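If you're matching positions, the sequence shown starts at 579 in our numbering and goes up one per residue.
We put the CB at the ideal spot given by N, CA and C, even for glycine.
Owing to the predicted nature of the structure, the values given are computational and were not obtained by experimental measurement.
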Amino acid sequence: MVSVMWFRRDLRLEDNAALKQAIDESEELLLLFHVNPDQFLGEDSSNQAAFFKSVDTFRKEIENSGGVLQILYGDLEECFKRLKERVEDWTDVYVNRDEKGYGLQRDKVAGLVFKELGVKTHAYYDHHIHPAHEIKTNTGSYYKVFTPYFNKWKELQKPNVIEVNFNAAKIRNDLLFKEDAKQFESFLTNQLPLHELELGTKAATARLDHFVESFLNEYKEARDYPMKDATSHLSKHLRLGEVSVRTVYNKVKSAEPSIGRDTFIQELAWRDFYNMIYATHPEQKDQSIKEAFRQIEWDNNEENFDKWTKGLTGYPIVDAAMRQLNETGWMHNRLRMITASFLTKDLLIDWRWGERYFQEKLIDYDPASNIGGWQWAASTGTDGVPYFRIFNPTTQSEKFDKSGEFIRKFVPELKQLHGKKIHDPSKLTVEEQDAHGVIIGQDYPAPIVSHKKSRELAIAAFEKSKKITEGD
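Put into structure tokens, the structure is as follows:
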């Protein structure tokens, strides 16, 4: 009898719950990845390109270990029926369970297909330290605020790393669907920002070791400064499943006790929290969780949105952050908060526009964390920032990029500016503009909105929505 290990966002041969069981319980094992063209985001999507590159890296890792990753391309039902026709003695499929969003809906469809084909499904929790439905209040409801959730999270026993003996697997090594594999290869690209992107379990493990040894102790203090290489950079590897969150947690937990270590562990809890929120609020990608803010009259100025996406707002820290995203497929977390606040509060543009743009561009895009982060910044989520607390992009810039080094890296028009001038170049005199070689409105844009006025308009829009909802 033949079993299938269906990989999705768990692209590793180590510490993998479903793979462990598949190897232990199967007479013969077929390793599989399915590509659904209906999920394509478009040619300009860094998110999609990074995912395909990760799959290709994983395919090569399997080949180096003496196996073959079968690629199926096309409609899910049609693909698995083709597989059953080709492998008649296929009886079982092993997967790591998705708890939300597209993955959950896909698995519901797949479950019906497998049942029709007479294939038994074995599903395991693998993507988070604690599954979405594990942590509840004493009354049996789900938490809406992070702090009490985290207090409960800390009390629970954490899972150990799962030992997987891949060499013990009896892998079927003949390539069954050559045309599907060729179709997949046609979507691989090595253009920016991917040519320098190191993916795969080896890269993920090296990054984890480097972070724990070099930056973990100072993580709490240093993580907010974009020019410091002080964050873990593990988000893309976790999102792709190139490293297990169990491996990350246990590696960090075994490090020398420090505030930095505890702060990073708290970030892993935030990841679980947002997973729980998305699983229990499946509508949140398209709807604000807080009912009071569903009636906001967004301005949704398309020209302003376009300038935001291109980093041409006239606010240097916002522009540098957006250009970092466009050029590298990644953005520092502090900058994600600043740019999201600017879009939703300064420009009064619907947070869903920004969330979808990040979905297209982020190589570490995780639906639960990204949606949760956007609803936090927009004050529309379960535990969002208060709507009247609005980031001032200039003061944020002065605090977290004091020297302007990050701005100069991604906004070369301002490379001649130093000190406070770089944070608000609109205040340069005509003489200063000439002296520094940057003409505001020509070489670099003037601010597209006034932060002071925008803040007042945003607060008024949120308060109006509250009154409408409350029936005042």
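Asked, Found
"The alpha helix (DSSP H) enclosing Met854, as first and last residue numbers", "837–858"
"Residue range of the unbroken alpha helix (DSSP H) whose run includes Trp668", "Here Trp668 belongs to no alpha helix (DSSP H); instead the beta strand (DSSP E) covers 668–674."
"Every unbroken alpha helix (DSSP H) within the stretch 863–934, with a cutoff of 4 residues, ordered by chain", "880–888, 894–906, 911–919"
"Alpha carbon of Pro1061 to alpha carbon of Gly645, nearest angstrom", "Because the chain spans 579 through 1050 in this model, residue 1061 falls outside it and cannot be assessed."
"Within the stretch 762–797, ranges of the alpha helix (DSSP H) (whole runs, at least 4 residues)", "779–792"
"Own chain, CB closer than 6 Å to Asp670, minus 5 neighbours either side, in chain order", "Ser581, Lys698"
"Three-state secondary structure (DSSP) of Ile740", "coil"
"Classification of Pro726 by the beta-carbon crowding that lies within 10 angstroms, buried from 16 upward", "exposed"
"Identity of the residue in Tyr943, Asn878, Arg684, Lys662 nearest Arg849 by Cα", "Tyr943"
"Closer than 8 Å to chain D by CB, Asn716", "Protein chains in the displayed structure number just one, and chain D is not present."
"Asn948, buried or exposed, once every other Cβ within 10 Å from all chains shown has been counted against 16", "buried"
"For Asp979 and Met805, believed in contact at Cβ under 8 Å, the rounded distance", "7 Å"
"Extent of the continuous alpha helix (DSSP H) to which Phe988 belongs", "983–988"
"As assigned by DSSP and simplified to three states, the class of Ser623", "coil"
"Status (buried if at least 16 other CB within 10 Å, exposed otherwise) for Tyr680", "exposed"
"Boundaries (first-last residue) of the alpha helix (DSSP H) holding Thr1047", "1029–1048"
"Coil, strand or helix - Leu812 by DSSP", "coil"
"3-residue-minimum beta strand (DSSP E) runs that sit fully inside the stretch 594–619, ordered along the chain", "606–613"
"Tyr965 (DSSP reduced to helix, strand or coil)", "coil"
"Beta-carbon contacts of Phe842 that lie in its chain and below 8 Å, excluding the five residues immediately before and after", "Leu794, Tyr797, Ser810, Val830"
"Alpha-carbon spacing of Leu650 relative to Asp588, whole angstroms", "17 Å"
"DSSP beta-bridge partners of Thr699", "Val671"
"For Ile713, the nearest candidate out of Trp731, Glu983, His705, Ala595 (CA to CA)", "Trp731"
"CA-to-CA distance, Val790 to Asp897, given in whole angstroms", "31 Å"
"Bridge partners - Ser581, DSSP secondary structure assignment", "Leu607, Asp670"
"For Ala627 and Thr779, believed in contact at Cβ under 8 Å, the rounded distance", "Not quite, the Cβ-Cβ distance comes to about 19 Å (not below 8 Å), so this is no contact."
"Identity of the residues DSSP links to Glu1006 by a beta bridge", "For the record, residue 1006 in the displayed sequence is Leu; it is not Glu. BP columns for Leu1006 are empty, so no partner."
"Ala595 to Tyr703 span [Cα, whole Å]", "7 Å"
"Sequence-distant residues of the same chain with beta carbon closer than 8 Å to Lys659, five excluded per side", "Val691, Leu695"
"Residue from Trp931, Arg586, Lys1042 whose Cα sits closest to the Cα of Trp952", "Trp931"
"Rounded straight-line distance, which links the Cα of Pro1025 to that of Asn882", "11 Å"
"Glu875 versus Glu933: straight-line alpha-carbon distance, rounded", "18 Å"
"For Ile707 and Thr891, the rounded distance between their alpha carbons", "39 Å"
"Environment of Gly889 [buried if 16+ CB atoms lie within 10 Å]", "buried"
"Short Cβ contact (8 Å threshold) for Ala1039 with Ile968", "no"
"Counted within 10 angstroms of its Cβ, other Cβ atoms place Gly982 as buried (16 or more) or exposed", "buried"
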